[in-house]
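This report concerns only the one structure given below.
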Amino acid sequence: MSTIPPNMPPNTPPGGGAPPPYPPYDPKTQWRVYREQQKAAWRAQREAWKAQQHAMKANYAGAYAPRVPSFVGPIILIGIGIIALMLVTGHIAAVEFWAWYGHWWPLLLIGAGLLLLGEWMLDLRREIPVRRGGSFVGLLILLAIMGFAAAGWNHARPWFNSEGVNFGFNDDFFNSFGLPEHDFDAQVLNTQIPANANVEIQNPRGDVSITAGDGSAIEVMAHEVAYASSDAEAKKIFDAETAHLTVSGSAVLVKADGNSNGRLNLTVTVPKTARVTINSGKGDVTASGLGAGINVTAHGDVHLSEITGSVQARFPDGKHDFSTHDLQGDLTVDGNVDDVTFSEIKGKVTQSGEILGDVHMENVSGAIHLHTSVTDLQVAELPGDLTLNSDDLHVNQAKGRVSVTTHSKDIDLNQIYGDSTVEDRDGRITVEPAGNYAVDAKNSKGDVEVTLPPNASATVDARTRNGEIMTEFGLTVNGEESKSVSGKIGSGGAKITLVTDVGDVSIKRGEAFPPAPNAAPATPKAPAAPNAPHLKPSKALPAQPVTQ
């Protein structure tokens, strides 16, 4: 074992001898070497991470998925372009398009979703997966916002129209932003037609007024309205609003060519025995004196008076008033309507659809059947009157059976000469039969009250689970929390059944009524004015439409 001799420098190697040469210490060089080593280690780690990511993608899909644009965006742009072109060229009326779009715009989202689902199913069949672009999402959001705005305008426009507030615009999409109005009376069309002719009137934009004449001729007067900045532009609109009269045997066609920048109001006189069919696009319909009935499809208010024969009325888009006075025949109404006024009807009344405003009926000699999503009402005959709105149903003086099924309404049946059946919830039921007639009233939440004649003869069965029972006929009330009463009044004739879950039951003694009345004969008079007491006043505050 070698040792370092004494008195030798500390760097002397074992065994003695001179120490090896060492370079002088340089801090900068040492730091450079350290940094290069760190960079090399980071590059190696990055390459390893990339290799790992590629391996995972290769294991999952076999290849890296490329990005492919979706064809939903181009389809939406093409659709917008086509609609814009049709609006600019006048093939689509702007106001009608926005009314339609405000009602059906959710279909756009449904269609886009179906297209995306189709793309997804198509991509599943690819060997190499792809990623779809979603740059059209912003466009869909913008179209949805426009749909909300159009829907809001559809709900607000009836109030603006009723209040006379139009900010200087009119119903033709704000009169193309306030263009001057031009009027022109076209040449009168007049020709002889068979007395029993079938007259069809088609007017896409404008009012239709039809009356019956004493002769066998048809007369068509057309009043043209144009909204244009110059007489030359107005003339172009007038030329596009021409009315045509075509006679082919007993078939007569009155057809108006409409224009989105104007209106064509028709005044037609037909033989009294002619059968009339009206298809009105955007405008009101008024008819009187017809002797063979009328069939109306309207997108505006309809007012009929002194009609002999059946009447069929259809309202495809709702929110319009309908009044009929002095009708000698049956009346059928389909579609959604706003205010409804019927009087002096010598026939059956059948209505199906939503009623968004008030209903008033007087002197209907036939059966009445009103059916909405909220209320189903049947009255055998109405020599008195009936009113219906979002909160109340009132029937005064009815003959025969009365049946009501509804909710969230106070129901008042007064002077009923027949059996009554009522089902309600969240409202009050009051029934006053005009004799010994059966009453079946059920209410899930609300009071039930019946007022019987002083000489009533009835068998009573009344129950409430959470309420009180009060009677003025000396019947015994049983129970504490859930109360009931049963027994006979007089000889126990008519059956009276009163049931409520949460509410009070009252059995009162009323006054005797006279014998059942007959329907009064129709007295010709003009249709009710728009500001009649039973209709909504023109200056009332706006209210949200509520289905009756």
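In this text, residue positions in the sequence shown follow the working numbering: the first is 1308, and each later residue adds one.
Note that CB positions come from ideal geometry on N, CA and C, so glycine has one too.
Straight-line gap, residue i to residue j (C-alpha atoms, nearest Å)
i	j	result
Lys1543	Arg1433	56 angstroms
Asn1468	Lys1626	Annotation note: pLDDT 42 at Asn1468 (below 50); position unreliable, coordinate value reported separately. Each residue's alpha carbon lies about 11 angstroms from the other.
Val1559	Thr1657	29 angstroms
Leu1677	Thr1549	40 angstroms
Leu1684	Thr1778	28 angstroms
Ser1697	Ala1599	35 angstroms
Ile1385	Asp1608	37 angstroms
Ser1764	Tyr1744	9 angstroms
Val1806	Glu1787	16 angstroms
Val1681	Asp1731	10 angstroms
Ile1448	Asp1624	26 angstroms
Glu1531	Ala1456	32 angstroms
Val1340	Ala1355	23 angstroms
Trp1427	Ile1452	26 angstroms
Lys1832	His1632	Summary for Lys1832: the model assigns pLDDT 45, below 50, so the residue's position carries little reliability; its value from the coordinates is reported in the next sentence. Cα-Cα distance, rounded: 8 angstroms.
Gly1409	Gly1454	5 angstroms
Ala1569	Thr1396	A small fix is needed here, since residue 1569 is Gly in this sequence, not Ala. One C-alpha to the other measures close to 14 angstroms.
Thr1713	Ala1674	19 angstroms
Ala1348	Leu1421	51 angstroms
Thr1783	Asn1670	41 angstroms
Tyr1724	Asn1762	15 angstroms
Val1444	Ala1535	39 angstroms
Glu1507	Trp1412	33 angstroms
Gly1425	Val1379	10 angstroms
Pro1862	Ile1390	In the structure displayed, the chain extends from 1308 to 1855; residue 1862 sits before or after that span and is not available.
Ala1351	Glu1343	12 angstroms
Pro1501	Arg1621	27 angstroms
His1489	Leu1634	37 angstroms
Rounded distance between the beta-carbons of residue j and residue i, thought under 8 angstroms
i	j	result
Gln1499	Ala1524	5 angstroms
Leu1450	Leu1394	Not really, about 15 angstroms apart at Cβ, beyond 8 angstroms.
Val1527	Val1575	5 angstroms
Ile1796	Phe1780	5 angstroms
Thr1766	Lys1802	5 angstroms
Ser1557	Asn1497	With 8 angstroms as the limit, Ser1557 and Asn1497 do not qualify as a contact, their Cβ atoms being about 18 angstroms apart.
Pro1690	Pro1824	5 angstroms
Gly1734	Ser1715	6 angstroms
For residue i, three-class secondary structure by DSSP
i	result
Pro1381	helix
His1606	coil
Gly1691	strand
His1632	strand
Gln1345	helix
Val1559	strand
Lys1542	helix
Val1395	helix
His1410	helix
Pro1334	helix
Val1729	strand
Asp1646	coil
Ala1581	coil
Ile1654	Before going further, note that residue 1654 is Gly rather than Ile in the sequence given. Coil.
Phe1820	coil
Lys1802	strand
Leu1782	coil
Asp1430	helix
Gly1569	strand
Ile1387	helix
Contact test: residue i Cβ vs the ligand GDP heavy atom, cutoff 8 angstroms
i	result
His1551	Ligands are entirely absent from the displayed structure, and the ligand GDP is therefore not among its contents.
Residue i - partner residues in DSSP beta bridges
i	result
Met1777	Ser1813
Asn1586	Gln1509 and Thr1604
Asn1641	Looking at the sequence shown, residue 1641 is not Asn but Asp. Answer is Arg1621 and Ser1659, bridged to Asp1641.
Pro1740	Ile1723
Asp1683	His1678 and Thr1712
Beta-carbon proximity of residue i to residue j, cut-off 9 angstroms
i	j	result
Asp1747	Gly1810	no
Asn1510	Asn1602	no
His1701	Asp1726	no
Ser1529	Leu1571	Reading off the sequence shown, one finds Ala at residue 1529, where the question assumed Ser. Yes, the Cβ-Cβ distance between Ala1529 and Leu1571 is below 9 angstroms.
Ser1595	Thr1518	yes
Val1515	Val1618	no
Ala1581	Asn1643	no
Lys1579	Gly1654	no
Asp1646	Val1666	yes
Gly1660	Glu1688	no
Thr1804	Lys1749	yes
Asp1628	Thr1615	no
Asp1699	Asp1717	yes
Arg1512	Lys1562	no
Phe1545	Ala1493	yes
Thr1737	Val1711	no
Ile1814	Glu1756	yes
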